[in-house]
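Participant: In our numbering, the protein residues as written are 22 to 812. All C-beta atoms, glycine included, are put in the ideal place defined by N, C-alpha and C. Submitted below is the structure of interest, expressed as structure tokens.
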């Protein structure tokens, strides 16, 4: 048995025995009176004040004396009583005073002590049985001695820091580091003691006197106005028990209270209580509540502010200043009266505290980081499962860039944009290592917590085409390869360009810059849909992609976060750049549970092919649909995207420093008024990227000191383009008004690493992206960018 448990048993046994001994003494005295009635000469006279005749009180005869052989028989008892009656009458006739009590016989005294001995033995047996039952009950509910009372059964919290270690916010309960008792203002402790447990330093965990006082007060008030639980009992309930009201729970509460008193000092119990009690609005402890309600430490509270906190344990959910400031202030005045009554403060100080109520300074919710914090909290839960302790999470977020992202989104969706049906927008940005530096999941986190950057799955349209170009380059094409923009038909599906015009032969780079639909579909059908899927998955698309005919035009819904992250290999010469938001996870004690470690030197795309794809995306910004997005002298690559009926508009782009993506639309997936990727999304992207690059020097996108022969590849690409031009000159491409490509035969899928294969399924129509309250299928055939028509 441990030392703490021995102390608990000793203390509990002492208190338990004290109570039972007091009860036994009372019972003993009662038994002595009964015995005296059986054996003593007892006379009860009427009161002299009544003026009546004196009467002699004769003890009644037991009903069945013959049942107990140790007592006199009925005949002996009758004779003895007659003798006593005669003597008393004689004494009354000769004396004016009360009769003289006659000493009982030795025989009667012996019988009486036999009876008392039996009663005492029975009481002792009951005492021992009760003690054994009590110890067994305690053993079933009490925790181990090594339990951490600061964290046991307390809801966990996640504290988030930005990439520089600055505080971002919390999820879960609001919890702060404990404040030592000696660092608290004395009136803060006194306010809780005067209101919750005035005899805290005088009892051993339970207070019978306080319980009786509370019972009387409640009877007088006709309701519950005062509780009888001590601070130790309240702490026991907060630490170990559920809030149900049952006899078993009250017995457990008493056992835990005795256990705490035996293990901890009074100051330790009070410190634990003040730092762990629930004080409303998700706050636990005086420090967290002080920060939430007054934006200051508990060390700096005034008398009025301390009184407000001390009044909350009575009903923290209904008296919390966040929802009931008037009720909280009214309750604080009652606490001030308690302080005056217990002489912890004088009347002048109390009057001043009442006249100047606490000045609430409620801490602002972390709405600026709400979308990001929700996303990270969800990722941590997926990675670590159910949490059993508080964690401190260092994230990749950059506070300044987050502000720029929020501003760009809000300013981009102005009244004019709303008039065109663009009601929502989302933005996400990554650094060169793949860390999320900014995330705006919508216009207003308070209004809607749905994260359109990570949760919404919308059709990317032409923003998916870079993966088609990558697959084409891996199949042997070059940026200068000649392709033909012409009408095309796949089965019953005939995709068209935005302006329904075709310009004939052009280079692949020009087709990418113009976002030509017919070329993307021809390439996909020519090299195989499985190769496009493989290229997209290696780049970073994790959504399941069906090999449908409209795959080339971005018919499968993906989140903005996923699509933007898949552009990073193009900006980083094919290197794997895992998207991440968490840099480190540690406990409050400093134990590191997770630390992000990049995988250097691993490529998901061959560097030459990644650079060629980047060249195609640079051409989009130089003289294509993204030309309005260039800023300063920073080299930029990117791609616009617009879906059928103008439901979704995208722009994904990158520089040497950052890769960012923007989506614009509405939650109902309604068509907008000609809002394409080159309009509002590109404006938002440019606004954010300009501010993000204010102090950064331009760096060429295709310059990579880690790669050798980069210039050689550029020259080789130029000669390959010239060779294509010569071939096309020698063998002119016939002008075809309408070309039909039949549905290809089922192909064998290579899989991600070339393992396993299965026939491609039959083509299906495009899948409608997920969004709040929207379900359905979109019509096949996504429009090309409106800028092809000069808009």
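So residue 616 is in the alpha helix (DSSP H); what residue range does that whole segment cover?
Facilitator: Counted from its first residue, the chain shown places residue 616 at position 595. Where residue 616 is concerned, there is no enclosing alpha helix (DSSP H), although the beta strand (DSSP E) it sits in stretches over 613-616.
Participant: Unbroken beta strand (DSSP E) runs of length 3 or more, entirely within the stretch 501-538: which are they?
Facilitator: Runs of the beta strand (DSSP E) inside the stretch 501-538: 503-506, 525-528.
Participant: Nearest to residue 560 by alpha carbon, out of 392, 423, 590?
Facilitator: For the purposes of this step, residue 560 is identified with residue 539 of the chain shown, where counting begins at 1. Checking every option, the nearest Cα to that of residue 560 belongs to 590.
Participant: Ignore the nearest five residues each way along the sequence and tell me which others in residue 408's own chain have a CB closer than 7 Å to its CB.
Facilitator: Here residue 408 corresponds to residue number 387 of the chain shown, with the count starting at 1. Hits under 7 Å: 177.
Participant: If I'm right that residue 493 touches residue 548 with Cβ under 8 Å, what's the distance once you round it to whole angstroms?
Facilitator: The residue given as residue 493 occupies position 472 in the chain shown. The residue given as residue 548 occupies position 527 in the chain shown. The Cβ separation is near 6 Å, so the contact holds.
Participant: Could you check whether the stretch 594-604 touches the stretch 661-677, counting it as contact only if at least three pairs of C-beta atoms, one from each stretch, sit closer than 8 Å?
Facilitator: no
Participant: Is the stretch 347-367 touching the stretch 412-428 in the sense that three or more CB pairs, one from each, lie closer than 8 Å?
Facilitator: no
Participant: Figure out for me which residue from 448, 465, 464 has the closest Cα to the Cα of residue 458.
Facilitator: Position 437 of the chain shown holds residue 458. Comparing Cα-Cα distances from residue 458 to each of 448, 465, 464, the minimum goes to 448.
Participant: Shortest alpha-carbon distance to residue 422 belongs to which of 390, 414, 411, 364?
Facilitator: As a first step, residue 422 must be located in the chain shown, where it is residue number 401. Nearest of 390, 414, 411, 364 to residue 422, Cα basis: 390.
Participant: Is residue 687 near the ligand PLP, judged by its Cβ being under 6 Å from some heavy atom?
Facilitator: Because no ligand of any kind appears in the structure shown, any question about the ligand PLP cannot be addressed here.
Participant: Suppose the cutoff is 6 Å on Cβ atoms and the five residues either side in sequence are ignored; what does the same chain contact list for residue 782 look like?
Facilitator: Stepping through the chain shown from its first residue, residue 782 is reached at position 761. Residue confidence is low: residue 782 scores 36 on pLDDT, short of 50, so the model does not pin down where it sits. No coordinate-derived value is stated.
Participant: May I ask you to report which of helix, strand or coil DSSP gives residue 272?
Facilitator: The residue you call residue 272 lines up with position 251 of the chain shown. If DSSP states are grouped into helix, strand and coil, residue 272 belongs with the helices.
Participant: Thinking C-alpha only, which one of 472, 540, 632, 175 is nearest residue 518?
Facilitator: Taking the chain shown and counting its residues from 1, one reaches residue 518 at position 497. That would be 540, whose Cα lies nearest to the Cα of residue 518.
Participant: Please say whether residue 498 and residue 527 have beta carbons closer to each other than 7 Å?
Facilitator: By 1-based counting over the chain shown, the position of residue 527 is 506. By 1-based counting over the chain shown, the position of residue 498 is 477. No, these two residues do not count as a Cβ contact at 7 Å.
Participant: Taking all protein chains shown into account, decide if residue 233 is buried (16 or more other Cβ within 10 angstroms of its Cβ) or exposed.
Facilitator: Here residue 233 refers to the residue found at position 212 of the chain shown. Classification of residue 233: exposed, given that the 10 Å Cβ count is below 16.
Participant: Since residue 180 and residue 414 are thought to touch, with beta carbons under 8 Å apart, how far apart are those beta carbons, to the nearest angstrom?
Facilitator: The residue given as residue 180 occupies position 159 in the chain shown. The residue given as residue 414 occupies position 393 in the chain shown. Indeed they touch by this definition, with Cβ atoms about 7 Å apart.
Participant: How about residue 634 and residue 508: are their beta carbons less than 7 Å apart?
Facilitator: The residue you call residue 634 lines up with position 613 of the chain shown. The residue you call residue 508 lines up with position 487 of the chain shown. For residue 634 and residue 508, no; Cβs fall outside 7 Å.
Participant: Tell me the rounded alpha-carbon separation between residue 689 and residue 573.
Facilitator: Residue numbering aside, residue 689 sits at position 668 when the chain shown is read from its first letter. Residue numbering aside, residue 573 sits at position 552 when the chain shown is read from its first letter. About 25 Å.
Participant: Can you list, in chain order, the residues of its chain whose CB lies under 7 Å from that of residue 219, leaving out five sequence neighbours each side?
Facilitator: In the chain shown, counting from the first residue as 1, residue 219 sits at position 198. Hits under 7 Å: 363.
Participant: Where in the stretch 565-615 do unbroken runs of the alpha helix (DSSP H), each at least 4 residues long, occur, reported from the N-terminal end onward?
Facilitator: 581-586, 589-592
Participant: Give the single residue among 184, 620, 586, 295 whose Cα lies nearest to the Cα of residue 334.
Facilitator: For the purposes of this step, residue 334 is taken as residue 313 along the chain shown, with counting starting at 1. Per the Cα distances, 295.
Participant: Alpha carbon to alpha carbon, how far is residue 607 from residue 187? Give it in angstroms, no decimals.
Facilitator: The residue labelled residue 187 in the question sits at position 166 within the chain shown. The residue labelled residue 607 in the question sits at position 586 within the chain shown. Going by the C-alpha atoms only, they are around 15 Å apart.
Participant: Excluding the five sequence neighbours on either side, which residues of its own chain have a C-beta within less than 6 Å of the C-beta of residue 324, listed in chain order?
Facilitator: Residue 324 sits at position 303 when you count from the first residue of the chain shown. 208, 374.
Participant: Based on Cα-Cα distance, which residue from 455, 469, 436 lies nearest to residue 461?
Facilitator: Along the chain shown, read from residue 1 onward, the residue named residue 461 stands at position 440. For residue 461, the nearest C-alpha among the options comes from 469.
Participant: Three-state secondary structure (DSSP) at residue 638?
Facilitator: Here residue 638 corresponds to residue number 617 of the chain shown, with the count starting at 1. In the structure shown, residue 638 sits in a helix (DSSP, three-state: H, G or I).
Participant: Does the stretch 580-595 touch the stretch 475-487, meaning 3 or more C-beta pairs lie closer than 8 Å?
Facilitator: yes
Participant: Give the range of the alpha helix (DSSP H) segment to which residue 375 is assigned.
Facilitator: As a first step, residue 375 must be located in the chain shown, where it is residue number 354. It spans 368-376 - the alpha helix (DSSP H) in which residue 375 sits, taken as one unbroken run.
Participant: Counting C-beta neighbours from all protein chains within 10 Å, is the total for residue 75 16 or more, i.e. buried, or is it exposed?
Facilitator: Position 54 of the chain shown, counted from the start, is the residue given in the question as residue 75. Here residue 75 scores only 45 on pLDDT, less than 50, and its place in the model should not be relied on; the value that follows carries that caveat. Classification for residue 75: exposed.
Participant: According to DSSP, is residue 652 helix, strand or coil?
Facilitator: Stepping through the chain shown from its first residue, residue 652 is reached at position 631. It is coil, neither helix nor strand.
Participant: Is residue 182 helix, strand or coil when you go by DSSP?
Facilitator: Here the question's residue 182 lines up with position 161 in the chain shown. The answer is strand: DSSP assigns residue 182 an E or B state.
Participant: Pull up the distance between the alpha-carbon of residue 168 and that of residue 351, whole angstroms please.
Facilitator: The count along the chain shown starts at 1 and reaches residue 168 at position 147. The count along the chain shown starts at 1 and reaches residue 351 at position 330. Each residue's alpha carbon lies about 39 Å from the other.
Participant: Is the stretch 276-285 close to the stretch 302-315, with three or more CB pairs under 8 Å?
Facilitator: no
Participant: Considering only the beta carbon of each residue, do residue 329 and residue 379 sit closer than 7 Å?
Facilitator: Taking the chain shown and counting its residues from 1, the one referred to as residue 329 is at position 308. Taking the chain shown and counting its residues from 1, the one referred to as residue 379 is at position 358. Yes, the Cβ-Cβ distance between residue 329 and residue 379 is below 7 Å.
Participant: Identify, in the order they occur along the chain, each residue of the same chain with its Cβ nearer than 6 Å to the Cβ of residue 354, setting aside the five sequence neighbours on each side.
Facilitator: Within the chain shown, numbered from 1, the residue matching residue 354 stands at position 333. Hits under 6 Å: 375.
Participant: Where does residue 445 fall in DSSP's three states?
Facilitator: For the purposes of this step, residue 445 is taken as the residue at position 424 of the chain shown. Of the three classes helix, strand and coil, the one that applies to residue 445 here is strand, per DSSP.
Participant: Give the DSSP-derived three-state secondary structure of residue 683 in the structure shown.
Facilitator: Residue numbering aside, residue 683 sits at position 662 when the chain shown is read from its first letter. Three-state result, residue 683: strand.
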